[in-house]
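Asks:
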Amino acid sequence: MEERDSVPEHWTCTVVRVHGMQLMRPERSWRPIVTIEVDDHGLTETLLGSDGQNVNLRDVRQLHGASGMSRIEVKVYHKAQSKKKGKRRSLVGTASGSLGELYKRHGMDPRLELRLQCQSPTSRSVASKGRPQNGAIIHLRLRPPEDFLSPVSTFVEEEELSASDSEGSESSSSSGSITVVTPVVETQPPTHLRRRRRQRGFLSDDESCSESESDEDDEKPSFLLDDDEQERAPASPIKITLNPITWVSALNILPQNTQEIKVPIPQPNVAERVLGSFTRYYELQSCNSRYESTWDALIVDLRAEWSISAAVLGTLCGLNAAIFSLGPGSLFEVNSTAEAALTAAIVASVLGLMCTGWMWIRYGFTKPSIAQTRAQDFFSTPEVPSYFFFALSARMPAILGFFTGGGLVVFLTIIAWNSWPGAVMFGCFAVGLLMGLQWFVWGILYVVRAVRRAWAFVFGRRTSAEDGPEAKQEC
1 MEERDSVPEH WTCTVVRVHG MQLMRPERSW RPIVTIEVDD HGLTETLLGS DGQNVNLRDV
61 RQLHGASGMS RIEVKVYHKA QSKKKGKRRS LVGTASGSLG ELYKRHGMDP RLELRLQCQS
121 PTSRSVASKG RPQNGAIIHL RLRPPEDFLS PVSTFVEEEE LSASDSEGSE SSSSSGSITV
181 VTPVVETQPP THLRRRRRQR GFLSDDESCS ESESDEDDEK PSFLLDDDEQ ERAPASPIKI
241 TLNPITWVSA LNILPQNTQE IKVPIPQPNV AERVLGSFTR YYELQSCNSR YESTWDALIV
301 DLRAEWSISA AVLGTLCGLN AAIFSLGPGS LFEVNSTAEA ALTAAIVASV LGLMCTGWMW
361 IRYGFTKPSI AQTRAQDFFS TPEVPSYFFF ALSARMPAIL GFFTGGGLVV FLTIIAWNSW
421 PGAVMFGCFA VGLLMGLQWF VWGILYVVRA VRRAWAFVFG RRTSAEDGPE AKQEC
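Start counting the sequence shown at 1; every next residue gets the next number (UniProt numbering).
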């Protein structure tokens with residue numbers, strides 16, 4: 001009765017400790033924060049010590065509304081130990097699985113071992129120094145509710161017993177993994193062995209059976225327990241316990257050195273190749289909904305790009321407005337071409353700021369999962385999502401920033417040409433030569449190789465033609 005009362009009414013979970021903290025963060029001493037979420041709700045949080053252990057193992061968290069099919073997600077966060085308010089947490093490891101499968105995996109063992117999927121280290125904090133990034137482990141303690149551990153009642157039909165007797169195999173007499181537990185009376189070893197029935201063929205109605213065969217058929221098999229032992233059995237209900245399931249690791253059975261199967265990658269069409277040459281279309285198409293970490297990293301990069309584009313466009317827009325406000329009696333002479341270039345730069349900067357604001361409103365201030373759903377266009381299918389138009393829209397702020405800078409460069413070049421043409425020509429030639437020095441050197445080497453091949457081809461044939469008659473005369 002004490003064991004039955006100790007069983008909780010809900011699923012309970014206790015965080016024991018975390019191993020491999022040095023693989024997740026470079027700091028020598030930091031306190032991980034472990035959060036447990038069941039079916040995207042019911043978030044619980046536990047703060048561990050600097051050595052990864054839970055100082056309060058009596059802190060048992062109840063998972064309300066959870067069942068054996070519920071999915072549990074464990075996340076480990078790092079928070080800098082500083083006095084700054086509003087310090088953001090950083091995700092360093094995750095693990096997930098269903099409650100029923102996790103409990104079956106460890107059986108009656110009070111500790112459950114989960115391998116954490118560590119996040120990729122940043123360029124500033126690489127503390128593993130070549131060690132694998134998936135060696136972090138978290139230990140949990142799961143307790144199922146009472147209805148999950150209800151006793152199992154099994155029975156064996158008489159037809160199955162008669163069929164197992166006719167097979168004559170000794171393995172059928174064993175009771176498998178089910179054992180009958182009696183609290184008071186101990187069963188003694190069997191005194192009579194079950195006789196094997198001799199197998200024989202089929203008989204027709206006309207054939208007569210021998211006396212020995214009929215006697216063997218009339219004999220009844222002896223049971224393992226005598227009548228006295230059956231009377232001494234208690235009248236209380238019998239408890240049946242099942243042995244814990246032993247899970248075999250697939251890594252110890254499957255071969256390690258397997259041949260890699262190469263799946264052909266579908267070739268993109270002309271439009272996709274053109275779009276992928278100046279956008280992040282290929283990276284977007286490689287993202288799958290099952291791997292949320294890849295999309296999270298990509299959306300972070302896009303937000304950084306939009307922030308930089310907004311800063312550049314704002315600066316160029318202010319500079320263009322200042323130049324546009326110059327009067328006709330200024331120091332430099334402005335012609336119609338320079339005015340058109342400056343006007344185009346101002347229009348491009350304003351449109352770029354509008355596009356950047358729209359991208360931030362629709363995709364920047366939402367969750368990554370919602371942004372991924374909004375980014376898919378009408379070409380998407382349940383198997384393969386499409387981000388064709390989103391790739392073009394995400395790169396528009398940078399493209400408009402390029403046109404803004406180009407218009408401003410044309411305006412300043414025209415102003416400088418009117419003042420000093422020689423300096424403009426020399427500067428453009430020097431910068432173009434240095435920027436295209438690789439192609440200039442490649443062209444020189446290509447011409448030299450072509451001249452050598454032509455020289456060897458022309459003069460090689462001439463020497464072979466002159467050596468031919470002399471060789472014949474010597475022979």
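Positions of the beta carbon are idealized from the N, C-alpha and C atoms, including for glycine.
1. Taking the beta carbon of residue 75 as the centre, do at least 16 other beta carbons fall within 10 Å, making it buried, or is it exposed?
2. Could you pull the DSSP bridge partners for residue 37 from this structure?
3. If contacts are defined as beta-carbon pairs under 8 angstroms, then residue 98 and residue 71 qualify, I think. What distance do you get, rounded to the angstrom?
4. Compute the Euclidean distance between the alpha carbons of residue 53 and residue 17, then round it to the nearest angstrom.
5. State the Cα-Cα distance for the pair residue 416 and residue 438, rounded to the nearest angstrom.
6. Given a threshold of 16 other Cβ atoms within 10 Å of its Cβ, counted over all protein chains shown, does residue 320 qualify as buried or as exposed?
7. At a cut of 8 angstroms, does the region 363–381 reach the region 335–342 through at least three beta carbon pairs?
8. Which word fits residue 404, buried or exposed, when buried means at least 16 other C-beta atoms lie within 10 angstroms of its C-beta?
9. Taking only the alpha-carbon atoms, compute the straight-line gap between residue 451 and residue 457 and give it to the nearest angstrom.
10. Just list the residues that DSSP pairs residue 95 with in beta bridges.
11. In this structure, does DSSP put residue 373 in helix, strand or coil?
12. Going by C-alpha distance, which of 346, 391 and 307 is nearest residue 282?
13. With respect to the beta strand (DSSP E) encompassing residue 18, which residues constitute its N-terminal and C-terminal limits?
14. Rounding to the nearest angstrom, what Cα-Cα distance links residue 305 and residue 428 in this structure?
15. Could you give the residue range of the alpha helix (DSSP H) that holds residue 57?
16. Smallest Cα separation from residue 401: which of 28, 69 and 315?
17. Between residue 101 and residue 139, how many whole angstroms is the CB-CB distance? I'm expecting something under 8 angstroms.
18. Relative to the C-alpha of residue 344, which candidate in 410, 419, 355 and 293 has its C-alpha closest?
19. Mapping DSSP to helix, strand and coil, what is residue 114?
20. From what residue to what residue does the alpha helix (DSSP H) around residue 392 run?
21. Just the C-alpha distance for residue 318 and residue 349, rounded to the nearest angstrom, thanks.
22. Could you say which of 146, 274, 444 and 29 lies nearest to residue 389 if we only look at CA atoms?
23. Compute the Euclidean distance between the alpha carbons of residue 430 and residue 395, then round it to the nearest angstrom.
24. Can you have a look at residue 341 and say buried or exposed, based on whether 16 or more other CB atoms are within 10 angstroms of its CB?
25. Figure out for me which residue from 50, 137 and 13 has the closest Cα to the Cα of residue 38.
26. Which of the three DSSP states, helix, strand or coil, is assigned to residue 45?
27. According to the Cβ coordinates, are residue 63 and residue 10 closer than 9 angstroms?
28. Do the CB positions of residue 49 and residue 136 come within less than 9 angstroms of each other?
29. Nearest to residue 364 by alpha carbon, out of 60, 27, 69 and 298?
30. In whole angstroms, give me the CA-to-CA distance for residue 423 and residue 287.
31. What do you reckon, are the CB atoms on residue 119 and residue 293 nearer than 9 angstroms?
32. How is the beta strand (DSSP E) around residue 62 delimited, first residue to last?
33. Are there 16 or more other CB atoms within 10 angstroms of the CB of residue 460, so buried, or fewer, so exposed?
34. Would DSSP call residue 140 helix, strand or coil?
35. Where residue 347 and residue 308 are concerned, what is the direct C-alpha to C-alpha distance, given to the nearest angstrom?
36. Please report the distance separating the alpha-carbon of residue 270 from that of residue 115.
Replies: Well, looking at it:
1. Residue 75 should be labelled buried.
2. Answer by DSSP bridge pairing, in chain order: 73.
3. Yes, residue 98 and residue 71 are in contact; Cβ-Cβ is about 5 angstroms, under 8 angstroms.
4. Taking the Cα positions, residue 53 is about 4 angstroms away from residue 17.
5. Cα to Cα, residue 416 sits roughly 28 angstroms from residue 438.
6. By the 16-neighbour rule on beta-carbons within 10 angstroms, residue 320 is buried.
7. Put simply, the region 363–381 does not touch the region 335–342. Fewer than three CB pairs are less than 8 angstroms apart.
8. Counting Cβ neighbours within 10 Å, residue 404 comes out buried, since at least 16 surround it.
9. In this structure, the straight-line span from the alpha carbon of residue 451 to that of residue 457 is close to 10 angstroms.
10. In the DSSP output, where bridge partners are listed per residue, residue 95 has 74.
11. Of the three classes helix, strand and coil, the one that applies to residue 373 here is helix, per DSSP.
12. It is 391 whose Cα lies nearest to the Cα of residue 282.
13. Its beta strand (DSSP E) spans residues 11–19.
14. Here the C-alpha atom of residue 305 lies approximately 29 angstroms from the C-alpha atom of residue 428.
15. In the DSSP assignment, residue 57 falls outside any alpha helix (DSSP H) and carries neither an H nor an E.
16. Minimum Cα distance to residue 401 is reached at 315.
17. For residue 101 against residue 139, the beta-carbon gap comes to about 17 angstroms, at or over 8 angstroms, which does not count as contact.
18. Nearest neighbour of residue 344 by Cα position, chosen from 410, 419, 355 and 293, turns out to be 410.
19. Reduced to three states, the DSSP call for residue 114 is strand.
20. Where residue 392 is concerned, the enclosing alpha helix (DSSP H) starts and stops at 388–419.
21. Linking residue 318 to residue 349 through their CA atoms gives a straight-line distance of about 9 angstroms.
22. When 146, 274, 444 and 29 are compared, the shortest CA-CA separation from residue 389 is found for 274.
23. Their Cα atoms are separated by approximately 31 angstroms.
24. Residue burial is scored here from C-beta neighbours: residue 341 has at least 16 other C-beta atoms within 10 angstroms and is therefore classed as buried.
25. The closest CA to that of residue 38, considering only 50, 137 and 13, is found on 13.
26. Residue state, collapsed to three classes: strand.
27. In this structure, residue 10 lies closer than 9 angstroms to residue 63 by Cβ.
28. Not in contact: residue 49 and residue 136 (Cβ atoms no closer than 9 angstroms).
29. Checked all of 60, 27, 69 and 298; the closest Cα to residue 364 is 298.
30. Whole-angstrom Cα-Cα distance: 50 angstroms.
31. A contact, by the Cβ cut-off of 9 angstroms.
32. Taken as a continuous stretch (DSSP letters only), the beta strand (DSSP E) holding residue 62 covers 61–63.
33. Only exposed fits residue 460, as fewer than 16 other CB atoms lie within 10 angstroms of its CB.
34. The three-state reading of DSSP puts residue 140 in strand, counting E and B together.
35. Residue 347 and residue 308: Cα-Cα distance of roughly 19 angstroms.
36. Roughly 44 angstroms separates the two Cα atoms.
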